[in-house]
Amino acid sequence: MKFNNSVHLDTEKCKGCINCIKRCPTQAIRVRNGKAVIIKEFCIDCGECIRICPHHAKLPIYDPLPVLDDYEYTVALPAPSLYSQFNNLDDTDIVLRALLKIGFDNVYEVSSAAELVSEISRRYIAENEDKKPFISSACPSVVRLIRIRFPNLIEHIIPLSAPAEVAASLARKMASEKTGLPPDKIGIIFISPCPAKVTAVKNPIGIEKSDIDAVVAIKDVYPVMLNHMSHSDAVLEELSASGKIGVSWSRSGGEAGGLLTDSYLAADGIENVIKVLEDMEDQKFPDLNFIELNACFGGCVGGTLTVENPYVAKAKLDRLRKYMPVSKSRIGDMNPEPLFLQDKIEYIPVFKIGADMKESIAAMAKISELCDKFPGLDCGSCGAPTCRALAEDIVSGRANERDCIHLLRGYIHQLSEQFNLLDSYTKHGAADALSNVSDVKVE
Amino acid sequence: MSKTIKLVYEVTADDFTRAGEASGDVKSKLKMMGVSPEAVRKVAIAMYEGEINMVIHAGGGRIDVEISESEVTVVLADKGPGIEDIEQAMQAGWSTAPDNVRSLGFGAGMGLPNIKKYSDFMDVKSQVGAGTTVTIKVLL
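Those protein sequence lines, which keep their order, are chains E and L. Residues in the first sequence are numbered from 0 upward in steps of one, following numbering that gives the first Met the number 0. Residues in the second sequence are numbered from 0 upward in steps of one, following numbering that gives the first Met the number 0.
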């Protein structure tokens, strides 16, 4: 199994502090030799370490804007969250036109594909009542989290591609019909609010290969676009193909809104998402139809590649969508099959501590024995986020007992006692010193 | 080297915010130990139901969990009011929960029936005025 992450460490800037190890929701980061290291298979690309790092040492991975030059014909796939970044935006066409002006040859709105996904989701939910509650598959971090930690919930995930992926395959088809160019000359470029999408492209779940060729950051495109945003253009061709339903996918509750059901919950922020999944696993709310989960606060508007405060972005989006039609894109007679995931999502038990039950029992016993030994301060000085995590690391061979500075202090203390003993031995003779020996335990 | 893992949890009466902590902890440990998702689901749901019963009806209590290579045993013991008619209590929908508890979404009369549904073995011993002990086994 291949594991990718979309976080890169600037080792010069990393101070080896405990901020990221403490914040990581899957305890995927350790400080080793003074630098933060990600345990790749644990990482779900939620972006929390990027947000928290006070030294800006955690950098999201994505493609630079000049990637456009690699292709003869490029199609921009703007994420719906892009619209929420601008002040006083009255018309999404202004944004789409600006994308053409900065060098893209065409645009295909992800919000338009999102409306198709909403329509197919409505049908799927109606036809599969027995599998409810349904979990959205749109947030790649959430899907990755479920895959490694909530095996019982995999069957609840709606097996549809995320809107960006659907947009990419439709845009590719459109571009090749329009230009007649071979596939490698066409660049399908997603303008993303989050680096998790980079991983979703490089190492997709449920499909063999992504149709997205490159992922650029909203925060890189934004300043370039600003110079080309203008209301004063004469009436031009209408580019926008999405309405309220499509653009609302960018904020928490938006996808649920597109399902036209009141029976849903929408949770945002990865810790909240985990709480909801835990409760869902215990069947605390079997009666709900739909569970919308977004790793970022506020939904995609809270992604680490955006520029605006997520809640301000949400307010801007609500202003923009006020006079929009409900929806502009429909499935019609299109074959919905390509929108579905081709492969089943498989459970990957990355946190497993033993090859079989016998081994696991021994490992678990060792972990709790170690936990009793540690001070339970969860200070992070050993490089692991908690004492328990250190115990798990030791059992899986990733760390050493003396990585705990408190235990180490105990050893040093003992050692100095031994030196004192040796000292008194030389001063007062063996008999005197040996009477104290029983108090000192040598480990 | 020990052959089983033994875990002990104290359950506090009427503390709804903490209800589910014990079953949640067992759930995460079982997952780490590589127990099949289906067995984890059974233990988690059955134990949670038992735990919430202790919180609501029994004035708290103590849960003993033992994980062996072949099974998980959960013993939920309380010193609560006891169950008068166990057979009746096992009926789906039968409930003594007061309105304030029902309004919180609990007390639907599915507690014991759900424990039975999600366990491979279940035993209820109860004495009115002395307490109840529910034993659950899930085979691995």
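Ideal Cβ placement from N, Cα and C applies to all residues, glycine included.
{"query": "Cβ pair residue 61 of chain E, residue 194 of chain E closer than 8 Å", "result": "yes"}
{"query": "Nearest neighbour of residue 68 of chain E, chosen from E:38, E:184, E:49 and E:157 [CA to CA]", "result": "E:184"}
{"query": "Sequence-distant residues of its chain with Cβ nearer than 6 Å to residue 76 of chain L (five each side left out)", "result": "60, 61 and 132"}
{"query": "Of the listed residues E:242, E:348, E:318 and E:386, nearest to residue 89 of chain E (C-alpha basis)", "result": "E:318"}
{"query": "Neighbour flag for residue 66 of chain L against chain A, beta carbons, 8 Å", "result": "Considering every chain present, this structure includes no chain A. Its protein chains are E and L."}
{"query": "Any non-hydrogen atom of the ligand COA within 7 Å of residue 74 of chain L CB", "result": "Looking at this structure, you won't find the ligand COA or any other ligand, since it has none at all."}
{"query": "Where residue 34 of chain L falls: helix, strand or coil (DSSP)", "result": "coil"}
{"query": "Identified DSSP bridge partners for residue 251 of chain E", "result": "BP columns for residue 251 of chain E are empty, so no partner."}
{"query": "Beta-carbon neighbours of residue 150 of chain E, restricted to chain L and to distances below 7 Å", "result": "36"}
{"query": "Cβ of residue 116 of chain L within 8 Å of any chain E Cβ", "result": "no"}
{"query": "Residue interval of the alpha helix (DSSP H) (run including residue 49 of chain E)", "result": "47 to 51"}
{"query": "Within 7 Å of chain L by C-beta, residues of the region 260 to 287 of chain E in sequence order", "result": "277, 280, 281 and 282"}
{"query": "Contacting residues, own chain, Cβ-Cβ under 8 Å from residue 34 of chain E (five flanking each side not counted)", "result": "8, 10, 13 and 15"}
{"query": "Alpha carbon of residue 50 of chain L to alpha carbon of residue 29 of chain E, nearest angstrom", "result": "35 Å"}
{"query": "Limits of the unbroken beta strand (DSSP E) element including residue 335 of chain E", "result": "Note, residue 335 of chain E: premise wrong, no beta strand (DSSP E); not H, not E."}
{"query": "Sequence-distant residues of the same chain with beta carbon closer than 7 Å to residue 255 of chain E, five excluded per side", "result": "263, 265, 289 and 291"}
{"query": "Cβ-based neighbour list, residue 4 of chain L, same chain, cut-off 6 Å, excluding 5 preceding and 5 following", "result": "66"}
{"query": "Residue 132 of chain E versus residue 87 of chain E - alpha carbon distance", "result": "38 Å"}
{"query": "Bridge-paired residues (DSSP) for residue 137 of chain L", "result": "L:71"}
{"query": "Near-chain L residues of the region 353 to 379 of chain E (beta-carbon distance less than 9 Å), N- to C-terminal order", "result": "353, 354, 355, 356, 357, 358, 359, 360, 361, 362, 363, 364, 365, 366 and 367"}
{"query": "Coarse secondary structure for residue 19 of chain E, derived from DSSP in three states", "result": "helix"}
{"query": "Collapsed DSSP secondary structure at residue 11 of chain E in the structure displayed", "result": "coil"}
{"query": "Minimum Cβ-Cβ distance from residue 348 of chain E to chain L less than 8 Å", "result": "yes"}
{"query": "Between the CA atoms of residue 47 of chain L and residue 22 of chain L - distance to the nearest angstrom", "result": "5 Å"}
{"query": "Proximal chain E residues relative to residue 41 of chain L, where beta-carbon distance stays under 8 Å", "result": "None at all; the shortest Cβ gap to chain E is about 10 Å."}
{"query": "Cβ-Cβ distance between residue 338 of chain E and residue 206 of chain E below 8 Å", "result": "no"}
{"query": "Contacting positions in the region 81 to 95 of chain L - beta carbon closer than 9 Å to chain E", "result": "none"}
{"query": "Contacts that residue 62 of chain L makes with chain E (C-beta to C-beta distance below 7 Å)", "result": "Under the 7 Å cutoff, chain E gives no residues; its nearest Cβ is about 15 Å from residue 62 of chain L."}
{"query": "Proximal residues, the region 12 to 25 of chain L versus chain E, C-beta separation under 8 Å", "result": "19, 22 and 23"}
{"query": "For residue 191 of chain E, the residue or residues it bridges with in DSSP", "result": "E:216"}
{"query": "Minimum Cβ-Cβ distance from residue 136 of chain L to chain E less than 8 Å", "result": "no"}
{"query": "DSSP state of residue 442 of chain E mapped onto helix, strand, coil", "result": "Bear in mind that the predicted position of residue 442 of chain E carries a pLDDT of just 45, short of 50, making it too unreliable to give a figure here."}
{"query": "Distance between residue 53 of chain E and residue 200 of chain E (C-alpha atoms, nearest Å)", "result": "28 Å"}
{"query": "Three-state secondary structure (DSSP) of residue 0 of chain L", "result": "Residue confidence for residue 0 of chain L is low, a pLDDT of 48 falling below 50, so the modelled location carries little weight; the figure read from the coordinates is stated next. Coil, per DSSP."}
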